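K.L.:
Here the sequence shown is numbered in numbering that gives the first Met the number 0, starting from 0 and rising by one per residue.
Note that beta-carbon positions come from the ideal geometry of N, C-alpha and C, so glycine has one too.
Note that the structure is predicted; figures quoted are calculated from it, not measured.
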Amino acid sequence: MDIDINIGKKIDLHMHSTFSDGVFTPAELVELRKNEGYDVVAVTDHDGAKGVKEALAAGKASGVTVIPGIEIGTVFNTAGIIPGAGDSSMGEGEIELHILGYNIDPDNKALNDQMQEIKDFRDRRNQKLLWYFQEKGYDIKYDDLIRNPGQDYVAKPDFAWVFVNRGYVRNVTEAFRSEKFLAAKAVQRLKQMPYPTKDAMDLIRGADGVPVLAHPMKIKGIGEKGSDEFFDDLIRLLTQLKEWGLYGLECYHPSASEQDSERLVDIAHRTGLKITKGSDYHGPQNKKRA
Ligand SMILES: [Zn+2]
Ligand SMILES: [Zn+2]
């Protein structure tokens, strides 16, 4: 199936379920969008395809077309590709990119093995975070980080949530900005597995899927968001990704203004990429987990 903006009247190709950091199960997400009149949706959980089958079954039962999806966090090295680029919180010249994969086979072994490796790495990272905070005198255990029954995706926002609940900080933003908590140097060094962008794209292609660059307006380290420099750097980036087999660009996303989206659509046309649209829905704002 061709994946682009024209596959349905109302589409949402980017949602998170309880299999990563969303509030609703895959079936609940499909049901929700069906009730809102959507024709085509995709559940795209972070670093895992475990919710895909439930979403597909819910789609079959409700008549909504469900596209198997995933969102993989990756690191891209800009050296020799985008002069002067790089996110200061990462390694020299590195930027973080999220790659969406559509039409993937959720049973693909290479894909699932790699996602398991990323999960294992994150679990070990979380354990190191726990030790760090325990050493600082905070009585926090792994179970405290679990907000939903069955949750097996745990990340820094879950730590932030505990700090807010305990009254150590007023809100999640403060937890991320405070050098006593998630902004501490030692904590910032404890990142998720640095998985190369090209590897993620190859993995998606190998699982019969197509890779799409998620929310380009959220990319840090390529010039001020929305500036001419930003868009020039983005074109350099997309030219390289296209060479590696990039299929599409998420031109419509809450991080993009109407004007940004127009510009992104134009860039997608010029770089030969399909245009996609997603809400990046994680659940109702007041219940939002991450
Ligand atoms: Zn993302
Ligand atoms: Zn997302």
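#1: If we ignore side chains and look at the alpha-carbon of each, how far apart do V264 and V211 end up?
#2: Roughly how many whole angstroms lie between the Cα atoms of E249 and L181?
#3: Would DSSP call G100 helix, strand or coil?
#4: Closer than 6 Å: is that where the CB of D11 sits relative to any heavy atom of ligand 2?
#5: Quick one: is A267 buried, meaning 16 or more other Cβ sit within 10 Å of its Cβ, or exposed?
#6: According to DSSP, simplified to helix, strand and coil, what is E249?
#7: Express the C-alpha separation of R146 and D3 in angstroms, rounding to a whole number.
#8: Can you name, in chain order, every residue of its own chain whose Cβ lies under 6 Å from the Cβ of S19, other than the five neighbours on each side?
#9: Helix, strand or coil: how does DSSP classify G277 here?
#10: Can we say the stretch 101 to 112 touches the stretch 30 to 38, given the rule of at least three CB pairs closer than 8 Å?
#11: Would you report the Cα separation of V171 and E178, rounded to the nearest angstrom?
#12: Where does T77 fall in DSSP's three states?
#13: Would you call the stretch 115 to 126 in contact with the stretch 207 to 224, where contact means no fewer than 3 C-beta pairs closer than 8 Å?
P.N.:
By the coordinates alone:
#1: 14 Å
#2: 29 Å
#3: strand
#4: no
#5: buried
#6: strand
#7: 35 Å
#8: D44, H45 and Y152
#9: coil
#10: no
#11: 13 Å
#12: coil
#13: no
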